[in-house]
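Reading through the structure tokens given below for one structure.
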Amino acid sequence: MRRFLPHPLLTLTLAILWLLLVNQLSAGHIVLGTLLGWLIPFVTSGFWPEAIRIRHPLTLLHYLVIFLYDIVRGSFHVAYLILLGPARLRPAFVQVPVMLKTDLAISLLANTISLTPGTVSVLLSEDKRTLIVHTLDTDDADAVVADIKQRYEVPLKKIFEEGID
Amino acid sequence: MIDILLSILILTGAIFTFIGSLGLARLQDFYTRLHGPTKATTLGVGCLLIASAIYFSIREDGISLHEVLVTLFLFITAPVSAHLLGKAALHLKVKSLAATPEQENDTPPSPG
């Protein structure tokens, strides 16, 4: 089973992606999408050593809601900062200690940080334990770190890594 | 009624995209400039895509979901390119308004 269907979640995602791409729902395309969804993970399974498992779908949903809300809130904040003028900005590099272990969770964390306006993740240290984040305007680096850890890292840990240590 | 909603969405999207580009011109150093364009894409383009999805779902047969894909690919690629630009800038020691992390100065650039 594991050998012939290495990543069931990826298969489902790719099939849905294919249907969105052709923008129509017909039996033929469902078959084709499923076939591609099976074939691509099968051929590329060497690149995906770890199986992806989502342990708490509801937490993931909650995470997405927080994520979207933060994008909207942060966009207004950055727009306000740009209009206000660059002279008032207090940019800073902040070091965020990372407790996530899997590559997928770490890259999702970095992506989330970059997409939520006001912060861009610029560097992951080689031991994968520190993420350097550039913030546009802050006077309290510790608060930024605490915010990132509490809002994004804790749910990501729960979704992807519960039980792994 | 729908027209008004669509107009609001398109205007909001355009304004945010404009502010993002304005940031590119107004902000002072490389790292802060990274914020403008990457952020404008998220909300600005998001609004435009929602408007597009609604319009084509109403005017043509069936719902149009291509926009979902555009959003998805944008959300995957925008942070990665921003991250790589930032990383390259740190390695090249680009002039920065903020104090760059000392860690970068201690460790030699890795071949990876």
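In the order they appear, the protein sequences are chains Y and S.
215 is the number of the first residue of the first sequence in the working numbering; add one for each residue after it.
9 is the number of the first residue of the second sequence in the working numbering; add one for each residue after it.
Built from N, CA and C at the ideal position, the CB exists for glycine as well.
Residues near residue i in its chain [Cβ-Cβ closer than 8 angstroms; skip 5 each side]
| i | result |
| --- | --- |
| H270(Y) | K372, I373 and E376 |
| H221(Y) | P255, S259, W262, A265 and I266 |
| T227(Y) | G251 |
| L239(Y) | L233 |
| V336(Y) | F307, I346, V347 and H348 |
As assigned by DSSP and simplified to three states, the class of residue i
| i | result |
| --- | --- |
| A107(S) | coil |
| P87(S) | helix |
| V312(Y) | coil |
| I27(S) | helix |
| L56(S) | helix |
| L338(Y) | strand |
| T50(S) | helix |
| L350(Y) | coil |
| L80(S) | helix |
| D11(S) | helix |
Outcome for residue i when other beta-carbon atoms lying within 10 angstroms are tallied against a minimum of 16
| i | result |
| --- | --- |
| H276(Y) | exposed |
| D284(Y) | buried |
| K7(S) | Chain S is shown only over 9 to 120; residue 7(S) falls outside these bounds and no answer can be derived. |
| H99(S) | exposed |
| P116(S) | For P116(S), the predicted structure reports a pLDDT of 47, less than 50, and the residue's modelled location is therefore unreliable. The matter cannot be settled from this model. |
| P305(Y) | buried |
| F26(S) | exposed |
| P94(S) | Here residue 94(S) is Gly; the residue named in the question, Pro, does not match the sequence. Flag for G94(S) reads buried. |
| A360(Y) | exposed |
Start-to-end residues for the alpha helix (DSSP H) that takes in residue i
| i | result |
| --- | --- |
| T330(Y) | That residue, T330(Y), is in no alpha helix (DSSP H); it is neither H nor E in DSSP. |
| E68(S) | Looking at the DSSP string, E68(S) is not in any alpha helix (DSSP H), and its letter there is neither H nor E. |
| D37(S) | Careful: D37(S) lies outside any alpha helix (DSSP H) and carries neither H nor E. |
| V358(Y) | A355 to I362 |
| E375(Y) | V368 to E375 |
Neighbourhood of residue i by C-beta distance below 7 angstroms, restricted to the same chain and skipping five residues each side
| i | result |
| --- | --- |
| D37(S) | K103, S104 and L105 |
| V236(Y) | H243 |
Beta-carbon proximity list for residue i, same chain, < 6 angstroms, skipping 5 on both sides
| i | result |
| --- | --- |
| A59(S) | L14, L17 and I18 |
Next item on the list: At 4 residues or longer, and completely inside the stretch 219-307 of chain Y: list those alpha helix (DSSP H) runs for me, N to C.
Entry: 222-236, 241-257 and 271-298
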